[in-house]
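Residue numbers (the working numbering): 7 to 265.
See the structure below:
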């Protein structure tokens with residue numbers, strides 16, 4: 007069990023999102039969830055504060071993520087929340103009712119998870135693949151391995167090289183590889199490498215130790231990861247192609263004048 011001397015993080019808004027009649031025993035999962043949340047919180051803020059020009063944060067959530075409200079985002083941060091539309095709308099109403107506000111100078115934009123083209127909607131709302139970004143996933147409903155691979159492929163096309171993707175994934179994703187006996191770490195590495203990421207699987211015990219906590223790891227079915235995107239985004243590639251065409255056209259004109 008997690009040994010609490012002080013809270014890992016403070017969420018003043020979570021209470022308004024929990025139905026009073028829910029009687030679920032979350033003790034076994036709570037310690038891991040709190041560790042993962044703290045890890046993701048800290049990584050998000052450290053990265054945003056230490057990479058010049060990083061103003062784009064994309065959260066893939068269950069629709070009830072309070073990070074846009076409770077974290078101290080730098081001014082001008084744009085937060086995109088990709089989550090189920092109806093859940094997000096109801097949660098947003100409850101959060102407004104208790105006075106939750108986005109930090110001054112920041113903005114929160116929602117992208118429905120049900121959308122057929124998430125990439126296009128993100129671009130329409132102002133996301134740029136020519137600027138750095140950080141992506142975090144925790145709680146987003148994943149029904150199949152294909153649904154996760156679709157998301158990973160989309161992020162690979164949108165994220166500028168040097169951007170980050172981190173968070174918590176259900177371990178069953180690795181177990182769906184029928185006929186392939188590999189460790190979770192090998193599966194994660196194969197999935198992310200094929201989409202242009204360098205990835206590390208993070209051990210919950212290591213996180214607990216760094217926070218001076220103790221934790222039971224038995225029967226917890228999620229995994230933590232941090233990945234850096236090494237490939238150019240679609241926007242960067244398009245900019246490169248335009249520049250290359252201009253050089254070619256200028257070369258053709260100079261050659262014609264010489265003739």
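Idealized CB from N, CA, C, for every residue including glycine.
So, for residue 29: in the same chain, excluding its five sequence neighbours on each side, which residues have a beta-carbon less than 8 Å away from its beta-carbon? In this prediction, residue 29 scores a pLDDT of 44, lower than 50, which makes its location untrustworthy; the coordinate-derived value is nonetheless stated afterwards. Within the same chain, residue 29 has no close Cβ partners at all.
Does DSSP put residue 126 in a helix, a strand or coil? helix
Is the Cβ-Cβ distance between residue 97 and residue 69 less than 8 Å? yes
For residue 47, three-class secondary structure by DSSP: helix
Residue 167 vs residue 238 beta-carbon contact at 8 Å: yes
Do you know offhand how far residue 7's Cα is from residue 165's? Confidence at residue 7 is low in this model, with a pLDDT of 44, below 50, so the placement of that residue should be treated as unreliable; the coordinate-derived value is given next. Going from the Cα of residue 7 to the Cα of residue 165 covers about 37 Å.
Taking the Cβ atom as the reference point for each residue, do residue 124 and residue 88 lie within a distance shorter than 8 Å? yes
Using a Cβ-Cβ distance cut-off of 8 Å, determine whether residue 144 contacts chain B. No chain B appears in the structure shown, which is made up of a single protein chain.
Of the residues 79, 254, 217, 156, which one's Cα is nearest the Cα of residue 62? 79
Given residue 169 as reference, the closest of 39, 40, 49, 44 once Cα atoms are compared: 49
Keeping to the same chain, check which residues put their C-beta closer than 6 Å to that of residue 198; ignore five residues upstream and five downstream. 205, 233
In terms of DSSP beta bridges, what is residue 176 paired with? Paired residues: 228.
Short of 7 Å in beta carbon distance, which residues of its chain neighbour residue 150, apart from the five on each side in sequence? Order them along the chain. none
With a 10 Å radius around its C-beta and 16 neighbouring C-beta atoms as the bar for buried, classify residue 58 as buried or exposed. exposed
Provide the residue span of the alpha helix (DSSP H) that contains residue 104, from first to last. Unbroken run through residue 104: none, as it is neither H nor E.
Could you tell me which residues DSSP puts in a beta bridge with residue 142? 65, 172
Checking the sheet assignment: what are the DSSP bridge partners for residue 244? Answer is none; residue 244 lacks a bridge partner.
Taking only the alpha-carbon atoms, compute the straight-line gap between residue 119 and residue 91 and give it to the nearest angstrom. 7 Å
CA nearest to the CA of residue 153, picked from 121, 132, 56: 121
Residue 109 (DSSP reduced to helix, strand or coil): coil
Distance, Cα to Cα, residue 250 vs residue 137? Taking C-alpha positions only, residue 250 is separated from residue 137 by approximately 20 Å.
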